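Below: the structure, in structure tokens.
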Amino acid sequence: MFDNLSDKLQATFEKLNRRGTLRESDVNAAMREVRLALLEADVNYKVVKSFVARVKERAIGVEVAKSLNPAQQVIKIVNEELVATLGEPGKLDLSRQAPHVIMLAGLQGSGKTTTAAKLALHLRKKGQRPLLVAADIYRPAAIKQLEILGQSLDIPVHSEGDRVAPPDICANAVKRARQSAYSVVILDTAGRLHIDETLMDELVAIKKRVHPVETLLVVDAMTGQDAVRVAKTFNEKIGLSGLILTKVDGDARGGAAISVREVTGVPIKFLGTGEGLDALDVFQPDRLASRILGMGDILTLIEKAEQTMDRDTAMKMEHKLRTASFTLEDFQKQLQEVKKMGPLSSLMEMIPGMGQLSKQVSAEETDEKLRTVEAIINSMTKEERNDPAVINGRRKKRIAAGSGHTVQEVNALLSEFRQIQRMMKQLAKGKGPGNLLSMFR
Amino acid sequence: MAFGLTKKKKEDREKINKSLKKTRRGVFSAISDLFQANEIDDEMWDDLEALLIQADIGVDTSLALVSALREKVSKQGIKRVADAYDLLKTEMAALLQEAQPWSLEEPRLLHVVMVVGVNGSGKTTSIGKLAYYLKQNGRRVVLAAADTFRAAAIDQLEIWGERAGVDVIAQKPGSDPGAVVYDAIRASQASRQAEVLIIDTAGRLHTRYNLMKELEKLRTIAAKQVHRAPHEILLVLDATTGQNALTQAEKFKEAVNLTGVILTKLDGTAKGGMVFAIQEKLGIPVRFVGTGEGIEDFAEFDPEMFVESLFAPA
Ligand SMILES: Nc1nc2c(ncn2[C@@H]2O[C@H](COP(=O)(O)OP(=O)(O)OP(=O)(O)O)[C@@H](O)[C@H]2O)c(=O)[nH]1
Ligand SMILES: [Mg+2]
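Chains as they are written, first to last, in our numbering: chain A, 77 to 517; chain B, -18 to 295.
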């Protein structure tokens, strides 16, 4: 897991002389790693080429900031360029007269039907009255799937079976929306290959009939090199207004997002982050950028650390987190520093593999727990903090009394600390979050 | 691999050829152009590497392929581009060669096939096609609807069952998939109506720990009912998938010990190049390919034919 760009660049720069500015030869060496990282993240080959050229141009001659080492400086530039390429999150255009028609399109199995339902729920929460439209008459039981989802959300689904042509279904649905004052109409179209002329023409026909304000391409985050061709063709044939990236809750790097952004130029509007119907997130470019680089949000961590501590402390902390070598003693010291950076819960999310975990406990819970943890650690002796193994029953009683907590809470802390250490070791060994989660069940 | 099915071979070949025409016109025809037009020089090697990467073969495997080829070309003193081209074809076909026979050839009262994969990869569709394919070859097939989770998944499988003309054993939506598997096996055995039972499972991301555990459970339940079942556990992989395909295969293998891959959506422009890494690094062979949404858009995978088709001039 930590076999990532950050480490590789660190290694690259160790071989080079440290200089005040980034020289062309340094940058070239670094760009080889960047190129590989992006290719491994499924960014399209040609897109990588132009991206690397842009970064190179920006990086050569840049003064390395005091608080950063050259590797971090390069990462910062790569990250900034990546964020810029991913672009600002796009909002749905609901400014015109209702009903607003939103059409979803994409390859087979990309997640349109689920996304349609998620979008309907999202918009209802914003005060809209959505109507879902079952315009996939081809895939067996697709209509029923949408109907069941609609039912579970208590959102009506317009369907006319599988014998009516999709453009007619959509037109009828919009008519119905006008009559019954639905404010948003979401069209779930059948999955299709971009090279399927007949079915692509069908989308054009639907558009002509109902003039959607939004035509969103639904793209699977796991898509490989072909994403470019797919997005380009959809955009040329039907004209897109935005992108939705699905299955982001998996562990694909999601480099396809860069590819489709670059070739269509339309904004990414949402991310699908789970099978639950509320698992639709507004897209955040910085998050996705770190993920594509395979670094969790270590970047944000670097940035935050940069703001609140001196470089030495920041590097040490990053190192300790990464190598699992911290003790309760370190933990106590860091707690003070860390508290300056914000709630622990938000820090957890930034560490690769920990994001999932941190979602399972609320922020308040975490911070409340943190206070308990701090009180308990403060009641320990230095010896106990460095080697928790010496803490026997009698010591536990003393610590509990001293901190105003119970022996159970002391036990819980100790076992949790052991777990965290084990977890960090796993992370350091490069095991994925799947294995991590297994320890918590 | 063909269990008395050689008569299908020719049709299969035609189907694959048809679906690969587009592919040939794309990256791989460019590869053959490369070999025909250019001299063997550094630029050619770079271009070759680029083309392989764009076929989703992955950086590692692409680099390995290119450097293996380079070495052989220089060792054997190959001068002609066309000879290098032949060598590459051989290299790539060799990577996809599978010695293990398809276990449905073994004599057995009931074969159990479990089909797994991430959401939307094409499991249910492939099961419909596989059922039809086996039935065409004289097998009695029953399907088990163990995706009780996704909305209308059971209805979808039932429609495919009808199309293929095979029975579907199902319970209510939301019921325990383990119970479905148990019942399906019992029913298949009791009435002896089935030689092959194919289990449809819910799509799941390999990162979902509890869902992967559930798969392990299904496997155990099958194993308790029938000796060494499931005899085949097939991962359905969307050819459009990039580098994550290898992680998927790895994680599903960890959970349920995959025996093969069904590579779907080869009728698109994606190349499905990740199967090279999956075969090479995990030893999991491709068994079938999906080439469309129709019940007959399905064929046995033949590595030589696959590679040959990829390199055949457009
Ligand atoms: N073009 C093409 N489409 C395919 C192929 N195989 C499956 N599909 C389509 O891909 C979509 C998803 O297929 P399903 O069979 O429902 O996939 P699944 O893996 O069962 O999906 P879940 O159960 O929801 O995880 C459907 O629209 C299928 O028609 C193929 O070989 N080519
Ligand atoms: Mg299914």
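Where a beta carbon is used, it is the ideal one built from N, C-alpha and C, also for glycine. Remember, predicted model here, so these are calculated numbers, not experimental data.
Would you say the beta carbon of residue i is closer than 8 angstroms to some non-hydrogen atom of ligand 2?
i, result
"residue 105 (chain B)", "yes"
"residue 112 (chain B)", "no"
"residue 128 (chain B)", "yes"
"residue 131 (chain B)", "yes"
"residue 352 (chain A)", "no"
"residue 199 (chain B)", "no"
"residue 183 (chain B)", "yes"
"residue 134 (chain B)", "yes"
"residue 183 (chain A)", "no"
Following a CB-centred definition, is residue i positioned closer than 8 angstroms to any heavy atom of ligand 1?
i, result
"residue 81 (chain B)", "no"
"residue 98 (chain B)", "yes"
"residue 267 (chain A)", "yes"
"residue 246 (chain B)", "yes"
"residue 274 (chain B)", "yes"
"residue 256 (chain A)", "no"
"residue 278 (chain B)", "yes"
"residue 138 (chain A)", "no"
If I'm right that residue i touches residue j with Cβ under 8 angstroms, what's the distance once you round it to whole angstroms?
i, j, result
"residue 103 (chain B)", "residue 267 (chain A)", "Not quite, the Cβ-Cβ distance comes to about 10 angstroms (not below 8 angstroms), so this is no contact."
"residue 342 (chain A)", "residue 317 (chain A)", "6 angstroms"
"residue 319 (chain A)", "residue 295 (chain A)", "6 angstroms"
"residue 178 (chain A)", "residue 211 (chain A)", "Between residue 211 (chain A) and residue 178 (chain A) the Cβ distance is about 12 angstroms, and since that is not below 8 angstroms, they are no contact."
"residue 220 (chain B)", "residue 251 (chain B)", "5 angstroms"
"residue 490 (chain A)", "residue 467 (chain A)", "7 angstroms"
"residue 115 (chain A)", "residue 34 (chain B)", "6 angstroms"
"residue 111 (chain B)", "residue 279 (chain B)", "7 angstroms"
"residue 97 (chain B)", "residue 269 (chain B)", "About 14 angstroms separates the two Cβ atoms, so there is no contact after all."
"residue 136 (chain B)", "residue 217 (chain A)", "4 angstroms"
"residue 324 (chain A)", "residue 349 (chain A)", "5 angstroms"
Tell me whether residue i is buried or exposed, calling it buried when 16 or more other Cβ atoms sit within 10 Å of its Cβ.
i, result
"residue 219 (chain A)", "buried"
"residue 58 (chain B)", "exposed"
"residue 311 (chain A)", "buried"
"residue 472 (chain A)", "buried"
"residue 212 (chain B)", "buried"
"residue 287 (chain A)", "exposed"
"residue 132 (chain B)", "buried"
"residue 487 (chain A)", "exposed"
"residue 161 (chain B)", "buried"
"residue 227 (chain A)", "exposed"
"residue 110 (chain A)", "buried"
"residue 332 (chain A)", "buried"
"residue 459 (chain A)", "exposed"
"residue 164 (chain A)", "exposed"
"residue 124 (chain A)", "buried"
Compare the C-beta of residue i against all C-beta atoms of chain A and say whether one is closer than 9 angstroms.
i, result
"residue 274 (chain B)", "yes"
"residue 153 (chain B)", "no"
"residue 254 (chain B)", "yes"
"residue 93 (chain B)", "no"
"residue 239 (chain B)", "no"
"residue 246 (chain B)", "yes"
"residue 131 (chain B)", "yes"
Measuring CA to CA, which of the options is closest to residue i?
i, options, result
"residue 485 (chain A)", "A:455, A:107, A:466 and A:463", "A:455"
"residue 230 (chain A)", "A:216, A:264, A:213 and A:194", "A:194"
"residue 217 (chain B)", "B:233, B:244 and B:235", "B:244"
"residue 299 (chain B)", "B:249, B:170 and B:283", "Nothing about residue 299 (chain B) can be read from this structure; chain B reaches only from -18 to 295."
"residue 89 (chain B)", "B:106, B:270, B:275 and B:209", "B:209"
"residue 255 (chain B)", "B:236, B:40 and B:198", "B:40"
If we cut at 9 angstroms on Cβ distances, does residue i have a partner in chain B?
i, result
"residue 116 (chain A)", "yes"
"residue 234 (chain A)", "no"
"residue 206 (chain A)", "no"
"residue 120 (chain A)", "yes"
"residue 185 (chain A)", "yes"
"residue 431 (chain A)", "Here residue 431 (chain A) scores only 44 on pLDDT, less than 50, and its place in the model is too uncertain to base an answer on."
"residue 228 (chain A)", "yes"
"residue 214 (chain A)", "yes"
"residue 88 (chain A)", "no"
"residue 306 (chain A)", "yes"
"residue 221 (chain A)", "yes"
Are there any heavy atoms of ligand 4 lying less than 8 angstroms away from the beta-carbon of residue i, as far as the coordinates show?
i, result
"residue 137 (chain B)", "Although ligand 4 was asked about, the structure shown includes only ligand 1 and ligand 2 as ligands."
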